[in-house]
Every structure is written in C-alpha cells, then in structure tokens.
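> Protein chains in written order, with the working numbering: chain A, 333 to 895; chain B, 68 to 396; chain C, 68 to 457. For reference, the structure I am asking about is given below.
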C-alpha cells in the first residue's frame with residue numbers, strides 16, 4: 333500500500349509502473365510486405381532492398397543484394413524490360429524510380445572494382461554434380477545458384493563463348509560486348525566448369541547426362557524460326573529478323589534495301605528495325621497487330637518489346653504501324669514490292685477470349701522492297717526430340733521440372749511465353765532450388781502468398797515530388813554503329829534517385845512512429861532490430877491508437893486486432 | 068548489438084532524445100496534447116521547470132502516487148499558470164539559476180480563466196515560455212465551448228439544435244492579443260509539423276524574456292475523429308488555412324508557413340464529428356461552411372499564406388521524411 | 068533602542084530582516100504602506116529581492132507560491148477583497164504544504180464598500196489550512212512576522228500574520244526593531260526539502276483519489292495541531308533573543324484571580340488594556356489574548372479559563388445567520404467541560420467602528436444577566452435601520 337507523503341508529491345517517471353498497454357484492443361506490428369517492384373520482377377529481385385542499401389551509401393552491399401538473386405545485373409540493367417518500374421508505386425505519384433539505372437550502375441561498379449560474388453565455400457569434390465546445357469541467361473543463372481547451393485556444375489554450350497542470346501542476338505548498342513564479356517567471365521569464375529563448343533545431340537546426348545549427373549538443366553533457348561507466310565505465299569530469299577540480327581551482331585553488317593517492313597511486335601522486331609536503320613536502310617516499318625505502349629493501353633494488347641526501346645526506335649526514324657496486319661503480299665515475280673495492310677484488333681468474343689479481327693474497308697498498300705518476319709521462335713528439337721514430343725516448347729511446371737522426366741529441368745526461352753531475360757534468370761534460380769530439393773529428396777516449400785503494398789497505403793504527405801533522374805542517351809546523329817545508346821549515371825545521381833524510393837512495406841528509419849507516438853511506446857534501437865526496422869514497440873505502454881500505423885509513410889506498420 | 072540482447076527497459080533508458088514525459092500516463096488513445104507536450108519537452112531539454120495549469124495534461128500525467136514527468140513540475144490551479152511561472156522565474160533569478168521556466172495550459176486556462184495571469188506575466192516580461200495546448204474546448208470537463216472553440220463547432224455547451232448551428236461566436240485571436248504585449252516571440256505550431264514545432268520551441272527558449280507558443284493539439288474525443296487520424300486532422304487544419312502557422316516578433320509577422328495548395332475547409336471539417344451538422348441537408352449548414360471557408364481565406368490573406376511555388380518548408384514540404392530520420396535534426 | 072515607526076514601515080523592515088527572495092503584491096488599502104515600504108527598501112538597495120508587482124491578488128499569492136515552491140523565501144500581503152480573491156490560492160498553498168508567510172492588513176469585506184478595519188477577511192479564510200496569528204500591537208506584529216518564517220519553514224505550513232488595518236498599520240508606535248544579527252541567528256536561510264529543482268525533479272500538485280483524500284486532510288489537520296508546539300517554541304526562542312514574548316498560543320493579562328474573563332484578538336486587546344486601566348472600578352477581569360487562532364488553542368484556553376464564571380468573547384467579524392465565529396468555537400471548546408464559564412459573545416468594531424474605552428464597564432454590566440448572551444453586535448443603533456430590518 334502506498335504511504336502518503338507530504339503535499340502528495342510524486343517522484344519522476346513513476347507512471348512507468350502503470351501499464352497502459354492493458355487498454356489496448358489492437359496493436360501495431362511491423363509487417364514487411366513486398367514492394368510492387370519486388371513482386372513484379374520475373375527474376376525475383378527486391379529492388380526496394382537494394383535501393384535502400386544505395387540510400388545508405390552501401391553500394392557493394394546493394395550489389396550483393398542483387399546478385400544473391402540475379403548474377404547478371406550489368407546485363408539486365410541494360411537489357412531487361414524492367415516491369416519493376418511499371419509497378420513502382422512512385423509512378424502514380426510522379427515518376428517511377430529509374431530502377432534499371434541503379435541496377436546497371438551497381439553491375440558496372442562490381443566489374444570496375446572487381447567486387448567478389450558473395451559465394452559460400454566451394455562445393456566439395458564429393459558433392460553431387462549437375463549438368464547445365466546452354467550458357468545463356470537461364471543456364472548461367474542455374475549454374476550459379478547450383479554452386480551456391482553446394483553442387484558441382486558443368487556448363488555446356490555449343491558456341492565458343494558463354495552468354496547465349498545476350499551475345500548472339502542483342503545488338504551492341506544495347507549491351508556493349510566488353511560489359512557482357514566482363515560480367516560473364518566473372519560469373520564463370522565462381523566455380524562452374526565451362527565446356528564450350530559442345531553441342532547436345534552431336535557431341536553428347538541426354539542419356540549421357542542422365543547417367544553421369546544427378547540432375548540436368550536445359551537452357552537451350554528457342555532457336556527455330558517459326559514458319560511465316562501470307563496465305564501460303566513467301567517471297568524469295570526470305571530471312572527472319574533473328575537471323576539478320578545475329579548476322580549484324582557477328583559481322584557488323586546486313587543487306588540494306590531502300591525500304592523494309594518488319595513484321596512483329598517483340599524485341600527482335602524492334603532490334604532489327606533499329607539495326608537496319610543504322611545499317612543504312614532509308615525506310616523501316618514495323619507492322620504489328622498489337623498496340624504501341626501507352627498509359628491507358630492494357631498490357632494484354634501491348635507490344636511485347638521494351639517500351640523505351642520502341643521510343644528510341646521511333647526517335648531514330650522507325651515507323652510503327654500498330655493494330656495492323658498483312659492481308660496480302662504484293663509481288664512482282666517472287667520479289668516483294670509492297671504489302672496490303674489492314675486494320676486489326678483483338679476483340680473479346682462471346683466466351684470472353686480475345687480474337688484478332690481484321691476490319692474490311694481499312695486496307696492500305698505499303699511499298700517496301702523487303703519483308704522481314706520477326707514473329708518468334710520455337711525450340712530447335714535437335715538432340716531433345718525425345719523430351720519435346722513435337723511440342724514447340726518444353727512442358728514444365730512452375731519450377732522448371734519436365735513432366736515425365738524426373739531429374740530434367742528446363743528454363744528460359746525454351747519454355748515459351750514472353751521469353752524475357754529476367755524470366756530466364758528467375759527460371760534458372762527456381763530450377764536450382766527445385767534441383768536441390770530433387771537431389772536431396774525433399775519437398776519444395778510452397779511459396780508463401782505475397783502481400784504487396786498498394787499505392788493507396790503509402791502516406792504521401794511525407795514525400796516531396798521529385799523528378800526521376802534523366803538517363804543520358806546518345807544523340808540521334810551519333811546512333812550509327814555499335815555505340816551504346818543509353819548512358820550510365822554517376823554515383824551521385826544514383827544516390828539521389830534512391831532517395832526517391834517510397835520504401836514500400838519496409839522501414840527506412842524515418843522516425844515518424846518514434847516522433848509521433850503520444851505514449852512514448854515506440855523505442856528507437858541503435859542497430860537494426862530483428863524485424864528489419866529501427867524501432868520496437870513497448871507493448872507495456874502502447875494503447876493501440878494507431879497513429880504510428882497511419883503516419884508510417886511506407887505502410888510498414890499495420891494494426892492487428894487483439895482480443 | 069540487437070534488441071534481443073538489450074532489455075526494453077534499458078533501451079528506454081538509452082533513447083537518443085530527452086523526453087520530459089514518460090510512458091504510463093493516462094491520456095486517451097491518440098491524444099494530441101500528450102504528443103505536443105512530449106515534443107516541447109524534447110526540444111526544451113532537462114534544465115527546465117514546469118508550471119502546469121489544471122486540465123487534461125495535469126490530470127493524466129500525475130494521478131498520485133505516479134507522475135509521468137521527468138522534470139520539476141508543479142500544478143497549482145486552473146487560472147494561475149502564468150503567475151506560478153512568474154514566481155518560479157523570480158525564484159530562479161533570486162537564486163542565480165538559469166533553469167528556464169515553462170508554463171503550460173490548455174486553451175481554457177489560457178484564452179479564458181488564466182488569461183489575466185498570462186497577460187501579467189507577459190507584461191512583466193518574465194523569462195518564461197508559455198505553451199498553450201489548443202484543443203479548442205474544455206475537454207477535461209467534458210467538451211464545453213471555450214473562447215478558442217471555432218465558430219460553428221458543436222460542443223456540449225454549444226450544441227446544435229433548431230435554433231443553433233454550434234458555437235455562435237468566433238475563435239478568439241489569442242496570438243494577436245499575445246503579440247500585442249510586444250513580446251519578443253510568439254508563434255503557433257501544430258503536432259502535425261513536429262520539426263517546425265521543435266524549431267519554434269528552440270527559438271522561444273533562446274529568448275531571455277516572455278515568449279508564447281500556441282500548439283494546435285487535436286483531441287480525438289472532443290473533435291470526434293478516429294484515434295489514428297490525429298495527425299491527419301491537424302495537418303488539414305494547417306493546410307486549409309484555418310490554423311495558420313505563424314511567428315510574431317514584437318508584434319510583427321516574421322514567419323508564416325506557406326500553403327502550397329490551400330485545401331478546401333470541408334476536407335478538414337468533414338473528418339470531425341463536431342462539424343458533422345455542416346454536412347446535413349440544411350441551408351444553414353451551407354452558409355456556415357462558406358463562413359468557415361471565408362475565415363480560412365481571410366487567414367490566408369492577412370498572413371500572406373499563399374506560397375509562390377514549391378518551398379521545402381511549406382505546408383507540404385515541411386513534413387517530408389528522410390531515411391534515417393534526418394528531418395528531425 | 069525603540070524608534071517611532073508607522074506600523075507598516077516596521078513590518079516592511081521586519082520582512083526585510085527575514086531576507087525574502089521574492090516579494091509579490093498587489094495594492095489594496097490598508098496593505099499598501101507595507102508593500103510601498105518594501106518597494107522603497109528594494110529601490111534603495113537595502114533589500115535584495117525580486118519584487119514582482121502583479122496584476123491581482125490572485126497572482127500575488129500565486130507568484131509567492133511559485134517562488135516558494137521553487138526554493139525561495141517568499142512574501143505577500145493583502146487585505147479584504149484581496150484576501151478573498153486569493154482565497155483559492157491560499158487553500159492551494161496550504162494543501163501543497165508550502166512554507167510561506169503573508170500579512171493580512173485586516174479590513175472589512177464589502178459590499179457595501181468599507182476600507183476600514185475589521186477581521187472578516189482573515190476569518191473568511193480560516194479553513195484554508197493556514198496558521199493564523201493575530202497581533203495586538205505593532206511590536207507584536209514585528210516579532211510575530213520574524214517568528215512566522217521559522218514556524219512556516221519548520222512545519223511546512225503557511226502562516227498568515229493578521230494586523231488590524233489602519234489601527235495598527237497606519238499608526239505610529241515606539242517599536243524596538245531587532246538587529247539583522249538577531250534575526251539571522253534565529254532564522255536560518257530558507258530550505259524547503261521539496262523545492263523544485265531540475266537536478267532532482269519531483270511533481271508537486273498531483274491528483275489524489277478518494278482512496279487517499281481523507282488521509283490528506285487528516286495529515287493536514289494533524290500538522291496544524293502539531294504546529295502548536297512550534298509556535299510556542301518559536302515565541303520562547305525569540306524571547307531569548309529579543310527579550311520579548313508574544314504569548315505563544317494565548318496571552319493572559321489582568322487579575323489572575325478574576326472571575327470574569329475578556330477574550331479577544333488583535334488590536335482590541337490594546338483597547339481593552341487601556342479600558343481596564345481606565346475603569347478599575349468595573350471589577351477585576353482577566354484579559355485573554357487569542358494570539359493563535361489557527362491552530363485553535365483549546366487546551367491552553369481551558370487551562371486559562373479555569374475558575375472563571377463568565378467569559379466575554381469579543382471579535383471583529385461574524386458569521387451572519389449564525390453569530391460570532393470565535394464565540395462559537397470557544398463554546399465548542401467548553402462542550403462537556405464541568406464548571407465551564409458562561410460565555411457571552413459580541414462582535415465589535417466592525418468596518419472601523421470605534422471601540423470606546425467604556426466598553427469595559429458596559430460589558431461587565433451586561434455579563435450580569437441571568438442567562439448568557441449568545442451573540443450581539445456591540446453598539447448597534449437600531450434607530451439607524453428601517454423598522455423591518457431591526
């Protein structure tokens with residue numbers, strides 16, 4: 333029992349003996365949720381996480397954060413279509429963060445300073461061995477993640493050098509060869525055994541691999557051009573976009589008629605169109621039944637090519653014809669002199685599916701000397717006929733496991749779909765995890781449902797509008813040969829850009845909760861707390877008013893019912 | 068070191084800030100005054116002495132034998148905080164000490180019952196910072212109107228009925244009255260802008276003489292909004308122009324937080340139960356809404372609140388946060 | 068060496084001898100001369116203190132409270148309406164148990180307005196929890212003021228020294244002013260254990276629940292009762308220093324064997340001294356000076372009154388609808404006492420009404436009635452009132 337003192341005075345801080353936490357019916361908790369950029373990345377990169385490291389000035393750690401997921405940031409920073417930026421919550425506020433610039437910067441810094449990949453100890457000689465066929469993005473990623481998981485990896489490729497499509501079909505003006513070479517060489521040095529100029533079905537066979545290795549990963553791409561004709565008619569000397577692109581990449585030249593129509597809406601179509609422009613073709617048209625990218629254009633009808641590449645192509649003079657199809661080839665003998673185009677659009681059918689329709693009465697004629705189909709490729713069945721079973725692509729599950737062939741996993745373009753670089757890298761990582769589980773005889777853990785922080789949960793009061801950093805691009809008149817079109821950014825610019833990040837769903841130590849709690853029930857920690865924040869709740873005193881959650885700029889604090 | 072290796076008690080003891088008010092006080096959930104008082108004590112530091120008028124703050128911090136204060140503190144009466152503080156300051160002067168005296172009171176004890184003692188304190192220019200936590204009514208006694216209650220607000224003594232649309236009179240312009248005492252520094256602040264608030268406390272503390280700070284302190288119970296929305300409400304009071312953040316030195320306007328985009332007053336009013344009658348289908352409601360908008364417009368005009376472009380210290384820039392909390396420096 | 072001094076001047080000098088650090092006051096007649104004299108002492112550099120000229124008596128008491136709580140010896144003074152205006156603070160000071168000394172230059176309370184002397188003001192705050200000491204003359208006022216600081220600071224109770232307005236405050240008397248050495252030797256520097264201090268921060272003025280409020284009131288009541296010893300010892304100790312005793316709780320003069328006692332307080336005692344000399348034929352009487360009204364000296368009173376047949380209580384205030392305040396309390400003190408004297412109660416000298424010396428024989432005569440006089444206002448001329456209000 334308290335004993336009364338004179339004048340009923342009280343000693344300091346004695347209120348601490350009264351626990352106001354007992355009043356609470358809901359409590360604030362730190363809940364790390366995925367930023368939209370993280371959720372959108374096919375490779376699985378957490379851009380928010382590495383932007384946070386950049387913002388703290390810890391550039392090497394930022395790079396390490398990336399390469400724990402994607403070992404090729406210098407390449408992806410240039411070539412990837414960056415769905416992260418499309419998903420970025422900041423895009424709704426002013427402009428999305430230039431995530432690709434940050435990724436590219438870190439990739440380049442790692443090459444410049446020779447930062448070592450964060451690798452565990454090298455695999456034991458006795459560790460199981462895995463064969464990876466195809467040293468493209470999927471194969472390199474799978475090999476790297478398998479080594480990180482403690483396996484011995486042999487990487488086969490039919491070409492003398494690793495890199496796959498990055499090397500054979502991405503124009504140098506998008507991905508300079510010295511950068512690609514340096515990054516791939518550093519990656520090969522992480523411990524994989526590289527066997528170049530070994531072609532599956534010629535130098536070795538699937539059965540050999542199944543016999544000699546604990547598991548097999550196929551990252552063999554899609555090297556077989558699809559058949560293309562208009563009502564069964566093909567012009568003489570037809571060459572595909574990929575074929576010409578590889579020729580340009582390998583030799584630095586392609587035939588240059590006065591006017592060309594490229595058919596297709598993907599990256600190959602845009603790339604070859606830009607290459608032809610550079611090579612000297614006066615008039616380059618791209619014909620696609622899809623739409624040019626735009627703010628209000630639904631993704632399912634949008635061209636699959638990277639939006640900024642399309643913009644650069646337009647800048648360079650490539651003429652795009654959206655919602656257009658080819659009704660007829662106009663030939664003089666076997667030689668093309670023009671195309672009859674017609675307006676086309678995907679329209680929903682009674683069953684809800686979209687079907688491409690041509691609209692009568694909208695026909696026009698385009699005079700061109702050459703038509704180049706760039707409508708995609710299938711898997712070349714050579715050496716894998718028994719696995720492919722006449723399908724254009726391998727039928728795999730989410731983790732790349734090939735149905736009916738235990739121990740064989742496939743990833744990248746060989747699995748069909750949109751076939752992006754980041755997807756291929758993600759496939760390689762997921763397959764490595766699945767291979768690990770397969771070899772260990774374990775069940776793969778079910779991926780937890782991902783909760784993404786929506787724009788509506790960002791407290792915008794705490795952010796100032798700030799323009800996205802401008803990426804330097806080569807002036808049009810200089811875009812002749814292989815010189816890279818997009819330039820890199822300085823460390824200062826990247827640092828400044830990182831400060832724009834909303835840090836969706838992840839604490840960035842802004843002090844708001846600590847400052848605004850009327851009950852001093854938020855305590856600041858000197859080091860990172862276990863949940864990744866810099867604060868802990870003192871539930872002895874937290875009354876559960878919810879101010880901290882409402883004022884948390886990045887929605888890292890959420891209120892949970894308590895009964 | 069991680070939090071697993073340090074007890075929460077030790078962590079509390081080693082917080083990198085001084086706080087004059089400890090946890091365990093019995094303020095309502097989301098209390099604006101509790102927050103405002105803590106922010107004031109943080110900036111004022113430990114070498115201060117508090118004279119606290121009767122009111123919520125006094126009651127919720129000191130139910131004997133407990134006290135949430137970590138500062139020498141005294142509560143005497145409702146209407147004499149200004150005089151008690153004057154006496155404390157005279158004692159400090161007599162003893163040759165430099166402990167700064169801070170008087171604290173709500174709007175009732177400042178605008179109304181304690182106004183005379185406050186005026187005397189200002190006139191004699193005691194070295195005291197007087198802080199008024201303005202929550203615009205007598206909240207401690209159950210939400211009765213004060214001279215600080217805004218026009219048209221409903222309280223238990225300015226209720227809405229067939230003949231009335233809430234308070235008939237205007238909110239007393241206390242800051243101008245204070246400034247007319249020719250004090251070196253008088254300012255308004257809001258809990259929604261803690262950096263601005265702290266800056267003003269520091270400025271006032273640096274003055275040798277009487278200074279005054281009026282802090283808009285939202286009251287979830289009295290204003291009728293969800294506990295979690297106190298900062299939001301307070302921010303809108305500023306952004307509409309209904310609670311201008313200004314600084315007056317020797318009676319002259321020397322600082323005003325510019326409004327980047329003045330928000331219509333309805334955005335602020337509709338969040339609060341005390342103004343809910345203004346959103347009923349009633350011609351009187353529309354007139355009162357227009358009246359309050361006109362008051363906001365008037366404030367914007369006389370204090371020249373409309374900014375001319377983006378300013379890092381305007382109503383939208385001032386609460387910008389940065390990684391690592393550097394905005395609070 | 069006695070000097071001819073006006074009461075207020077003597078009081079101001081006595082205050083200065085106590086070395087107050089903060090003085091706060093607001094002008095009201097008849098307190099003004101005290102504060103004016105203090106102000107002059109400050110202006111002349113004879114007293115070093117913070118003199119705060121406030122905007123009301125309410126603030127005067129509050130400033131003094133704030134200063135005392137913050138560790139400085141403080142002083143204030145007031146009268147009449149001013150006492151009533153500060154009454155809320157007076158309760159507060161006592162409840163906080165903060166040592167403080169003030170002078171009440173006693174004056175009637177309006178309405179109607181009267182600036183002249185009675186004691187309605189200090190009687191109105193008799194329940195505030197202060198020690199109240201009444202002074203018969205200005206020498207007593209000087210000595211009591213010095214004692215008051217020691218009593219207040221030892222008991223942590225505030226002390227109100229009541230000095231009749233004009234009758235004492237504005238009257239020249241031969242007064243022996245103590246030396247600074249005498250006062251310094253008697254009164255140590257101000258030391259308040261609960262003083263506010265940023266190095267040792269405590270909270271004063273908390274909210275107390277019903278679970279403890281009765282105990283708070285009990286302890287306050289007990290503190291006042293216990294203060295009697297301190298009041299007596301202060302008087303005795305001061306007598307050793309100055310050679311003058313004020314009478315502790317209660318002073319007794321006149322014929323010790325008398326059967327009739329006259330009890331009063333303040334300057335009435337001085338008038339009665341003169342009257343007893345003037346009218347020896349009116350019979351022997353014991354003159355009882357109620358020096359300390361709070362705490363009420365019940366035991367001392369009973370002892371002093373042993374053997375009296377009649378006790379005439381004279382006071383300068385009343386509780387309308389009840390009667391005399393002190394008379395009632397004196398009666399209560401004798402409740403259940405065997406051979407208690409008959410108690411007659413009169414209010415005298417209200418609002419500055421002159422108390423004639425022949426009051427003594429007239430009272431002695433009046434006390435011869437068959438039954439004691441419960442209460443009457445002395446010298447009321449009913450002819451001055453309309454019929455309906457007599």
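Glycine residues also receive a C-beta, built at the ideal position from the N, C-alpha and C atoms. Remember, predicted model here, so these are calculated numbers, not experimental data.
1. Could one say the Cβ of residue 290/B lies closer than 7 angstroms to chain A's Cβ atoms, at least one of them?
2. Here's the rule I'm using: 16 or more other beta-carbon atoms within 10 Å means buried, otherwise exposed. How should residue 416/A be labelled?
3. Could you check where the alpha helix (DSSP H) with residue 160/B kicks off and where it finishes?
4. Who are the Cβ neighbours of residue 398/C in its own chain at under 7 angstroms, not counting the five residues just before and after it?
5. Spell out the partners DSSP gives residue 897/A in its beta bridges.
6. Examine chain C for any beta-carbon lying closer than 7 angstroms to the beta-carbon of residue 68/B, and answer yes or no.
7. Can you look up residue 314/B in the DSSP assignment and give me helix, strand or coil?
8. Just checking, does the stretch 251 to 262 of chain B make contact with the stretch 271 to 291 of chain B on the three C-beta pairs under 8 angstroms criterion?
9. If we call anything under 7 angstroms between Cβ atoms a contact, is residue 89/C one with residue 124/C?
10. Taking C-beta pairs closer than 7 angstroms, name the residues in chain C that residue 144/B reaches, listed in chain order.
11. State the beta-bridge partners of residue 803/A as determined by DSSP.
12. If I measure Cβ to Cβ from residue 70/B and keep anything under 6 angstroms in the same chain, skipping five residues before and after, which residues do I get?
13. Could you check where the beta strand (DSSP E) with residue 377/C kicks off and where it finishes?
14. Given residue 312/C, which residues of its chain have a CB within under 6 angstroms of its CB, disregarding the five upstream and five downstream residues?
15. Is the CB of residue 129/B under 7 angstroms away from at least one CB in chain C?
16. Taking only beta-carbon atoms, is residue 380/B less than 7 angstroms away from chain C?
17. Please report the residue range of the beta strand (DSSP E) in which residue 409/C lies.
18. Can the beta-carbon of residue 762/A be found closer than 7 angstroms to that of residue 374/A?
19. Give the residues from the stretch 337 to 352 of chain A that approach chain C closer than 7 angstroms (Cβ to any Cβ), ordered along the chain.
20. Below 8 angstroms, can you find three or more Cβ-Cβ pairs linking the stretch 106 to 122 of chain C to the stretch 246 to 262 of chain C?
21. Please state whether the Cβ-Cβ distance between residue 853/A and residue 836/A is less than 7 angstroms.
22. Under 7 angstroms between beta-carbons, which chain F residues line up against residue 201/B? List them in chain order, please.
23. Using three-state DSSP, classify residue 183/C as helix, strand or coil.
24. Can you give me the C-alpha to C-alpha distance between residue 321/B and residue 313/B, rounded to a whole angstrom?
25. Give a yes or no on whether the minimum CB-CB distance between residue 273/C and chain B is below 7 angstroms.
26. Quick one: list the residues of chain A neighbouring residue 279/C, beta-carbon separation under 9 angstroms, in chain order.
27. Does residue 104/C get closer than 7 angstroms to chain B when you measure Cβ to Cβ?
28. Using the Cα positions of residue 400/C and residue 369/C, report the straight-line distance between them to the nearest angstrom.
29. Put residue 390/C into one of helix, strand or coil per three-state DSSP.
30. Pairing CB atoms from the stretch 518 to 525 of chain A with CB atoms from the stretch 471 to 483 of chain A, are three or more of them under 8 angstroms?
31. Quick check on residue 391/B: does DSSP put it in helix, strand or coil?
32. Compare the C-alpha of residue 620/A against each of 666/A, 894/A, 674/A and 661/A and name the closest.
33. Going straight from the alpha carbon of residue 636/A to that of residue 365/A, what length do you get?
34. Would you list the residues sitting across from residue 279/B in a DSSP beta bridge?
35. Find the nearest neighbour of residue 153/B within the set 194/B, 330/B and 363/B, judged by alpha-carbon distance.
36. Indicate whether at least one CB of chain C lies closer than 7 angstroms to the CB of residue 244/B.
Looking at the atomic coordinates:
1. Start at 1 with the first residue of the second chain, and residue 290/B comes out as number 223. Closer than 7 angstroms: no.
2. Along the first chain, read from residue 1 onward, the residue named residue 416/A stands at position 84. It counts as buried.
3. Residue 160/B sits at position 93 when you count from the first residue of the second chain. Segment 148 to 162, the alpha helix (DSSP H) holding residue 160/B.
4. In the third chain, counting from the first residue as 1, residue 398/C sits at position 331. Short of 7 angstroms from the beta carbon of residue 398/C, and not among the five residues preceding or following it, lie these beta carbons of its own chain, in chain order: 410.
5. Residue 897/A lies beyond the range of chain A shown here (333 to 895); nothing can be said about it.
6. As a position in the second chain, residue 68/B is number 1, starting the count at 1. Below a pLDDT of 50, predicted positions are generally treated as unreliable, and residue 68/B, at 38, falls in that range; the measurement from the model is reported next regardless. False, the Cβ-Cβ gap to chain C never drops below 7 angstroms.
7. Position 247 of the second chain, counting from 1, holds the residue named residue 314/B. Note: residue 314/B maps to strand in three-state DSSP.
8. yes
9. One-based indexing of the third chain puts residue 89/C at position 22. One-based indexing of the third chain puts residue 124/C at position 57. No, Cβ-Cβ distance for residue 89/C and residue 124/C is not below 7 angstroms.
10. Counting from 1 along the second chain, the entry for residue 144/B is found at position 77. Within chain C, the residues near residue 144/B are 155, 156 and 159.
11. Against the first chain, residue 803/A aligns to sequence position 471. Answer by DSSP bridge pairing: none, since residue 803/A is not bridged.
12. Indexing the second chain from 1 puts residue 70/B at position 3. Per-residue confidence for residue 70/B stands at a pLDDT of 42, beneath the threshold of 50, marking its modelled position as unreliable; no derived number is given.
13. Taking the third chain and counting its residues from 1, one reaches residue 377/C at position 310. Element bounds for residue 377/C: 377 to 382.
14. Taking the first residue of the third chain as position 1, residue 312/C is located at position 245. 302 and 306.
15. In the second chain, counting from the first residue as 1, residue 129/B sits at position 62. Residue 129/B counts as touching chain C.
16. Taking the first residue of the second chain as position 1, residue 380/B is located at position 313. Output row for residue 380/B: interface = no.
17. Position 342 of the third chain, counting from 1, holds the residue named residue 409/C. Segment 409 to 414, the beta strand (DSSP E) holding residue 409/C.
18. Residue 762/A sits at position 430 when you count from the first residue of the first chain. Residue 374/A sits at position 42 when you count from the first residue of the first chain. No, these two residues do not count as a Cβ contact at 7 angstroms.
19. 338, 339, 340, 341, 342, 343 and 344
20. no
21. Here residue 853/A is taken as the residue at index 521 of the first chain, counted from 1. Here residue 836/A is taken as the residue at index 504 of the first chain, counted from 1. No, Cβ-Cβ distance for residue 853/A and residue 836/A is not below 7 angstroms.
22. Chain labels in this structure do not include chain F; the protein chains are A, B and C.
23. Here residue 183/C corresponds to residue number 116 of the third chain, with the count starting at 1. DSSP places residue 183/C in coil when its eight states are reduced to three.
24. By 1-based counting over the second chain, the position of residue 321/B is 254. By 1-based counting over the second chain, the position of residue 313/B is 246. Each residue's Cα considered, the two are about 8 angstroms apart.
25. Start at 1 with the first residue of the third chain, and residue 273/C comes out as number 206. Yes - at least one Cβ of chain B is within 7 angstroms of the one on residue 273/C.
26. For the purposes of this step, residue 279/C is taken as residue 212 along the third chain, with counting starting at 1. Under the 9 angstroms cutoff, chain A gives 334, 336 and 340.
27. Here the question's residue 104/C lines up with position 37 in the third chain. By this cut-off, residue 104/C is not an interface position.
28. On the third chain, residue 400/C is found 333 positions in, with the first residue counted as 1. On the third chain, residue 369/C is found 302 positions in, with the first residue counted as 1. Taking the CA atoms as reference points, residue 400/C sits about 8 angstroms from residue 369/C.
29. Walking along the third chain from the start, residue 390/C turns up at place 323. The three-state reading of DSSP puts residue 390/C in strand, counting E and B together.
30. The stretch 518 to 525 of chain A makes contact with the stretch 471 to 483 of chain A, as at least three CB pairs between them are under 8 angstroms.
31. Taking the second chain and counting its residues from 1, one reaches residue 391/B at position 324. If DSSP states are grouped into helix, strand and coil, residue 391/B belongs with the helices.
32. By one-based count along the first chain, residue 620/A stands at place 288. That would be 674/A, whose Cα lies nearest to the Cα of residue 620/A.
33. For the purposes of this step, residue 636/A is taken as residue 304 along the first chain, with counting starting at 1. For the purposes of this step, residue 365/A is taken as residue 33 along the first chain, with counting starting at 1. The straight-line gap from Cα to Cα measures roughly 29 angstroms.
34. Residue mapping note: residue 279/B aligns to position 212 of the second chain, counting from 1. According to DSSP, residue 279/B bridges with 197/B and 253/B.
35. In the second chain, counting from the first residue as 1, residue 153/B sits at position 86. The candidate whose alpha carbon is nearest that of residue 153/B is 194/B.
36. Residue numbering aside, residue 244/B sits at position 177 when the second chain is read from its first letter. Chain C, which has no Cβ nearer than 7 angstroms to the Cβ of residue 244/B, makes this no.
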